[in-house]
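Have a look at the structure below before the remarks.
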Amino acid sequence: MAEHILDAHELDVDEIRIPRENWFESSETLQKLRKNKKFPTIWCAGCGNGIVMGSLIRAIEHLGLSNDEVALVSGIGCAGRMPVYMDFNTLHTNHGRALAFATGLKIARPDMKVIAIMGDGDALAIGGNHFIHAARRNIGITSIVINNAIYGMTGGQYSPTTPIGKQATTAPYGNIEPSFPLCELAIAAGATYVARSTVYHVLELDKYIEAAIRKDGFSLVEAVSYCHTTYGRLNKFGTAPEMMRDLKKNSISKAAYEKLSAKRQAGNSKIVRGVLHVNDEREEFTKLCRKLTEQAQGGGRQ
Amino acid sequence: MAVSLMQGNEAIGWGALAAGCRFFAGYPITPSTEIAEMLSRELPKVGGTFIQMEDEIASMAAIIGASVGGLKAMTATSGPGFSLMQENLGYAAMTEVPCVIVNVQRLGPSTGRATAGSQGDVMQARWGTHGDHPIIAISPTSVRQSFDLTIKAFNLSEQYRTPVILLTEAIIGHMREPVDLPEFETLEVVERVVTSSPDEYVPFSNEMGDVPPLAGFGQGYRYHITGLFHDQMGFPTQRLDEINPWLERVNNKLNNHLDEIVMVEEDIQEDATVAIVAYGASARSARHALKVARSQGHRASMLTLLTIWPFPEVQVEKLGERVERVIVPEMNLGQLALEVERMVGRRKVVRVNRADGEMVTPQMILDAIEG
Ligand SMILES: Cc1ncc(C[n+]2csc(CCOP(=O)(O)OP(=O)(O)O)c2C)c(N)n1
Ligand code: SF4
Ligand SMILES: [Mg+2]
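If you're matching them up, the sequences are chains P and V in order. Everything in the first sequence is counted per the numbering used here, starting at 185 for the first residue and increasing by one. Everything in the second sequence is counted per the numbering used here, starting at -8 for the first residue and increasing by one.
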């Protein structure tokens, strides 16, 4: 793989998996995408959602998981449409509620890998409370939030991650609300793996999603994306490739960020990419449930 | 087993366990909380899981998720919580995922009177979620019936792949009566059976009778579930030739089996001129009023509705044909009376209502009988 790509991602060769020749044909998981009547996707050409879907597929493939043991749960929004295209056990629920449905499913099937795909509005506005409490419980769900800083599906209303001053169809004078720091929220609430990258830095996304799925606990990967159709157009950010380029320009790796002086860190406005938090101490929730059951059945304290 | 003094809410918990419920998600609310407390103690003993969710929206979502995962699942709540559950309740109806929702009604609207009984959620149980959808609601009149109908709720839910609402109230939920519960092993319990192989499985088939079997996630049957209108494989569709067969099957799947779903208790006097149609706690007052009225020489019949939805149209219509007046006592301002009026005609119906959180008294019903 070309050195400049590795440099752009600030990766070592042994840190990444180099895509093989004929990667589509040789990939069993890709072959199992739901081809029957579900493609092309409903997404706009150039949308970042497809990139995240690709990363998720590669992560699952690399983990060697069978399609049967994976459940994808989502809410409503453009991001929420992802599961229908993938040949897993897929549950497309209501706006904001993916994690609450996933909680019941994970308890019923603790052996399954339960993955929740959410948009920023989905996870942080209407579903914010479920997000906090899923993290607090440390239930073994991998959450992937595609943060495009806007309500894409409904046509570009401001979301809890829309930057101050930016245009949205419901913020014609510019947004006046501060945004929610998604990863920091997850860490504070108790998530045990938290990472952030962008849809430009695909190899990072692959890696983080894989690690998040492997983590036995509540994990979050924030995939910073863009919506050129609504947010991009309203704010004159240009085409999808141009917005993608902005993600490259306006982000910085955690390693590089940590080398900055305290003053420059404080003034940093770039997206910090990297594994932001890992906690190996906390026990996963369904394991605690099982212990509790054993205690109750063993005539434990009543 | 042995006779014990038991609360209605507790009996619901035992009924759930007897029916094979292995997952409960809920959020505390008076007057339903005893159900959660009881199941938090008992479920782990049988290998089940209790979870207290962050709200009722999440509780309803979690029981659907658990049911999709293959567990029989239940939640219990009261008025304000029942309102919060409506969106996900519609999801369960749309996706045909079995689950049981207990609503121990309290006086509303809003926070109302938390400890006072009510029958104010009867119409909400039918139409609370948006859109046309099938629903079953059943309502016990005693502690023992709270147990029996909870089992029935699970059985109907599994059999017809539909959410079932157990509509009780603070009065029966909190009342204690001596009951002698049967041995759980002797009870009839409906289990999910999937006969087709994963390759042939059609999760929302319109060609397997009214109710296609439901395969749990993770058992080799990979498919899609969505609250969008979907085709027989579960994929979203906008095609009218896929939407209409679905509408027809799902909205008729209960109507085609009313014999099994509709439960009433009849106490008929052949030459009666007046009849009472009652349900839940009001049926208890009505029974007393009936006894007194008959002892005073009135000719009167009574129909107790255990199934509220689908409404027992045939039974009520037949009753109406045989009497001059039909008395409908309710702890609301007249909700199920609308249905009775639809079946027997408005002029025959005498409504007896109160919506202050107190019971309709036998005297109020007697006064109506005496006209
Ligand atoms: C209860 C409810 N409220 C509102 C909506 C309308 N709605 C659909 S998607 C959406 C927002 C989507 O934004 P986001 O979650 O960021 O996902 P995106 O489309 O950007 O991927 C809203 C408000 C809904 N479906 N349900
Ligand atoms: S509206 Fe935006 S988020 Fe939705 S598919 Fe189009 S580009 Fe993607
Ligand atoms: Mg969004």
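Heads up, the beta-carbon is just placed ideally off N, CA and C, and yes, glycines get one too.
Would residue i be called buried (16 or more neighbouring beta carbons within 10 Å of its own) or exposed?
| i | result |
| --- | --- |
| K290 (chain P) | buried |
| A428 (chain P) | First, the amino acid is wrong: residue 428 (chain P) is Met here, not Ala. Under this definition M428 (chain P) is a buried residue. |
| H121 (chain V) | exposed |
| A83 (chain V) | buried |
| T102 (chain V) | exposed |
| N0 (chain V) | buried |
| R167 (chain V) | exposed |
| E87 (chain V) | buried |
| M(-8) (chain V) | exposed |
| Q229 (chain V) | exposed |
| A186 (chain P) | Caution is warranted here: a pLDDT of 48 is assigned to A186 (chain P), below 50, making its placement in the model unreliable, and the coordinate value is therefore given only provisionally. By the 10 Å Cβ count, A186 (chain P) comes out exposed. |
| A67 (chain V) | buried |
| A439 (chain P) | exposed |
| L(-4) (chain V) | exposed |
| Q287 (chain V) | exposed |
| N242 (chain V) | exposed |
Just to confirm, does residue i get its C-beta within under 6 Å of one of the non-hydrogen atoms of ligand 1?
| i | result |
| --- | --- |
| A263 (chain P) | yes |
| D304 (chain P) | yes |
| H314 (chain P) | no |
| S74 (chain V) | no |
| S381 (chain P) | no |
| S327 (chain P) | no |
| H279 (chain P) | yes |
| R3 (chain V) | Going by the sequence as given, residue 3 (chain V) is Ile instead of Arg. Flag unset: Cβ of I3 (chain V) not near ligand 1. |
| S239 (chain P) | no |
| S343 (chain P) | yes |
| I260 (chain P) | yes |
Can residue i be considered in contact with ligand 2, in the sense that its beta carbon sits closer than 6 Å to one or more heavy atoms?
| i | result |
| --- | --- |
| G336 (chain P) | yes |
| N331 (chain P) | no |
| L106 (chain V) | Before going on, a small fix: residue 106 (chain V) reads as Thr here, not Leu. No, since every heavy atom of ligand 2 falls outside the 6 Å radius drawn around the Cβ of T106 (chain V). |
| T413 (chain P) | yes |
| C473 (chain P) | no |
| W165 (chain P) | Residue 165 (chain P) is absent from the model: chain P starts at 185 and stops at 486. |
| C231 (chain P) | yes |
Do you know how far the Cα of residue j is from the Cα of residue i?
| i | j | result |
| --- | --- | --- |
| Y270 (chain V) | R345 (chain V) | 14 Å |
| L310 (chain V) | R342 (chain V) | 16 Å |
| P89 (chain V) | L8 (chain V) | 16 Å |
| K420 (chain P) | G349 (chain P) | 13 Å |
| V383 (chain P) | L389 (chain P) | 7 Å |
| T153 (chain V) | A272 (chain V) | 25 Å |
| L294 (chain V) | M114 (chain V) | 20 Å |
| E253 (chain P) | A300 (chain P) | 14 Å |
| L217 (chain P) | G209 (chain V) | 17 Å |
| P303 (chain V) | E332 (chain V) | 13 Å |
| D464 (chain P) | F14 (chain V) | 28 Å |
| R485 (chain P) | R32 (chain V) | Any answer about R485 (chain P) is weak, because its pLDDT of 48 lies below 50 and its placement is not dependable; what the coordinates show is given next. Their Cα atoms are separated by approximately 10 Å. |
| I260 (chain P) | M270 (chain P) | 16 Å |
| H165 (chain V) | R97 (chain V) | 11 Å |
| L247 (chain P) | K391 (chain P) | 11 Å |
| V283 (chain P) | A206 (chain V) | Going by the sequence as given, residue 283 (chain P) is Leu instead of Val. Roughly 21 Å separates the two Cα atoms. |
Less than 7 Å between the beta carbons of residue i and residue j, yes or no?
| i | j | result |
| --- | --- | --- |
| T413 (chain P) | C262 (chain P) | no |
| A128 (chain V) | I299 (chain V) | yes |
| E494 (chain P) | C367 (chain P) | There is simply no residue 494 (chain P) to check, as chain P begins at 185 and stops at 486 in what is shown. |
| D400 (chain P) | G324 (chain P) | yes |
| R305 (chain V) | K339 (chain V) | In the sequence on display, residue 305 (chain V) carries Val and not Arg. No, these two residues do not count as a Cβ contact at 7 Å. |
| I331 (chain P) | Y410 (chain P) | Note that residue 331 (chain P) corresponds to Asn in the displayed sequence, not to Ile. Not a contact, by the Cβ cut-off of 7 Å. |
| G70 (chain V) | G108 (chain V) | no |
| V134 (chain V) | S23 (chain V) | no |
| V253 (chain V) | A10 (chain V) | no |
| R285 (chain V) | T264 (chain V) | no |
| A64 (chain V) | I54 (chain V) | yes |
| T3 (chain V) | T141 (chain V) | Note that residue 3 (chain V) is Ile in the sequence shown here, rather than Thr. Yes. Within cutoff. |
Whose Cβ in chain B lies nearer than 8 Å to the Cβ of residue i?
| i | result |
| --- | --- |
| V268 (chain P) | In summary, chain B is missing from the structure at hand, where the protein chains are P and V. |
Closer than 6 Å to a non-hydrogen atom of ligand 5 - does that hold for the CB of residue i?
| i | result |
| --- | --- |
| A116 (chain V) | Among the ligands modelled here, namely ligand 1, ligand 2 and ligand 3, ligand 5 does not occur. |
Output, in sequence order along the chain, the residues in the stretch 294 to 306 of chain P whose CB is closer than 8 Å to any CB in chain V. D295 and M296
Got a sec: which bits of the stretch 200 to 217 of chain V sit with their beta carbon under 7 Å from any beta carbon on chain P, in order along the chain? F208, G209, G211, R213, H215, I216 and T217
Proximal residues, the stretch 246 to 264 of chain P versus chain V, C-beta separation under 7 Å: N251, D252, E253 and A255
Along the stretch 55 to 82 of chain V, what residues have a CB closer than 8 Å to any CB found in chain P? I55, G56, A57, S58, V59, G60, G61, L62, A64, E78, N79 and Y82
Tell me which residues of the stretch 430 to 458 of chain P have at least one Cβ-Cβ distance to chain V shorter than 9 Å, keeping chain order. none
The stretch 369 to 388 of chain P: positions lying closer than 8 Å to chain V by Cβ: none
Scan the stretch 274 to 292 of chain P for residues whose Cβ lies nearer than 7 Å to a Cβ of chain V and list them as they occur along the chain. T274, L275, H276, T277, N278, R281, A284, F285, A286, T287, G288, L289, I291 and A292
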